[in-house]
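Here is the structure we will look at.
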Amino acid sequence: MSTTVDEVALEGDLAQCLAGIGRCFARAALASSLSVEDMVLTHAIVAADAPIDVFVIDTGRLHAETRALIERTRVRYGRELQVIRPDAQQVDAYVAEHGLNSFYESVALRHRCCELRKVEPLQRALAGRDAWLTGQRRAHGPERASLALEESDAARGIAKFNPLALWSDEAVWAFARRHDVPVNPLHARGYPSIGCEPCTRAIKPGEPMRAGRWWWEADGGKKECGLHLPAASVTPVPAERPRPLDGYVAQLTRRLKEDPWGGA
Ligand code: SF4
């Protein structure tokens, strides 16, 4: 489905938004999962020459296609992604005690695995930073339906931005196609949301976008891994904090009013 929103204007808004974040926050970084959204943001950061770092958490359980995208990104943009890995000793101890794939046995063991392989590396990656960016969108599912473009990550005392929060699937893919952004080939094989290899399956037609994540759990552990828990860590943006997204939010709101995109 094609979108009728003014894509060029939308792109300009995003470039302004990223430049604004780079201006206001000296140590900002995109936490890239190498999803199509994060690849769009990586492209936009490079195109806008915004001083925003990009890092990837290699959990040790990623698909080969996902790992290959790290190198494809380097070749495409001439830019190294910072690759953060879990603490090997902690992972080894967990595997020795519970087994390599014990995340299938209980939600608690799955959360512990995510904590070791994702959350702890994220903590390290964000240490000393003043802001982080994500590719989360409201269209990802009910857990993210009220996602804000800018938040305050109170647990870490830093700012958090979701510049694509209101973008539709169509807008994201139109951007990726227009700029020949490298994307994970798994997207074309039924994986709209890609996590670790043993914890992600392709979805069936009509299933929600994140239905393939932790599919064996009754409620998918709420389909989150602990990296983004709004209720636990996100609070309204403090009044005194710089607001680089003010103009972006206003422009997006206006565009959505004029053309709701259907899916956003
Ligand atoms: S997604 Fe699966 S393999 Fe990856 S960290 Fe979480 S439980 Fe472990």
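Each number in my numbering comes from the position in the sequence shown (counting from 1) with 32 added on.
We put the beta carbon where it would ideally sit given N, CA and C, even for glycine.
Quick caveat: nothing in here was measured; it's all calculated off a predicted structure.
For the set Glu239, His211, Ala208, the Cα lying nearest the Cα of Tyr223 is the one of Glu239. Taking every protein chain shown into account, the CB of Leu132 has fewer than 16 other CB atoms within 10 angstroms, so this residue is exposed.
Here Ile53 is not near Phe87, since their CB atoms are 8 Å or more apart. One thing to note: Arg149 has its Cβ no nearer than 8 Å to the Cβ of Thr232. In the assembly as shown, Gly44 is an exposed residue. Its beta-carbon has fewer than 16 other beta-carbons within 10 Å.
Partner residues in the beta bridge of Phe87, as assigned by DSSP, are Ala63, Gln114. Relative to the ligand SF4, the nearest heavy atom lies less than 7 Å away from the CB of Thr91. Across the structure, Arg106 and Ala220 are spaced so that their CA atoms are roughly 22 Å apart. DSSP places Cys228 within a strand segment (E or B) once states are collapsed to three. Residue side-chain check: Cys49 keeps its Cβ at 7 Å or more from all non-hydrogen atoms of the ligand SF4. Measuring C-alpha to C-alpha distances from Ile190 to each of Pro153, Ala60, Leu50 identifies Ala60 as the nearest.
Note on geometry: alpha-carbon atoms of Ala128 and Gln48 lie some 49 Å from one another. In the structure shown, the three-state DSSP call for Ile53 is helix. For Ile102, the enclosing alpha helix (DSSP H) has its first and last residue at 96–109.
When Cβ pairs closer than 8 Å are counted between the two stretches, the stretch 65–80 is seen to touch the stretch 205–216, the count reaching three or more. For Gln168, the number of other beta carbons within 10 angstroms of its own is at least 16, and it is reported as buried.
As DSSP reads the structure, Leu259 sits in no beta bridge.
In the DSSP annotation of this structure, the continuous segment of the alpha helix (DSSP H) that includes Ile77 starts and ends at 68–80. Secondary structure of Lys192 (DSSP, three-state): strand. Rounded to the nearest whole angstrom, the CA to CA distance from Tyr280 to Glu39 is 14 Å. Your pair Leu42 and Ala140 does not check out as a contact, with CB atoms roughly 42 Å apart and the cut at 8 Å. For Ala163, no alpha helix (DSSP H) segment is defined; the enclosing uninterrupted segment is the beta strand (DSSP E) at 163–165. Judged by beta-carbon spacing, Leu277 lies within the 8 Å limit of Phe193, meaning their Cβ atoms are closer than that value.
Inter-residue distance for Ala234 and His172 is about 15 Å (C-alpha atoms, whole angstroms). If the five residues before and after Arg144 are omitted, its C-beta is found closer than 7 Å to the C-beta atoms of Tyr126, all from its own chain and listed in chain order. Distance from the C-beta of Gly222 to the nearest heavy atom of the ligand SF4 is not below 7 Å.
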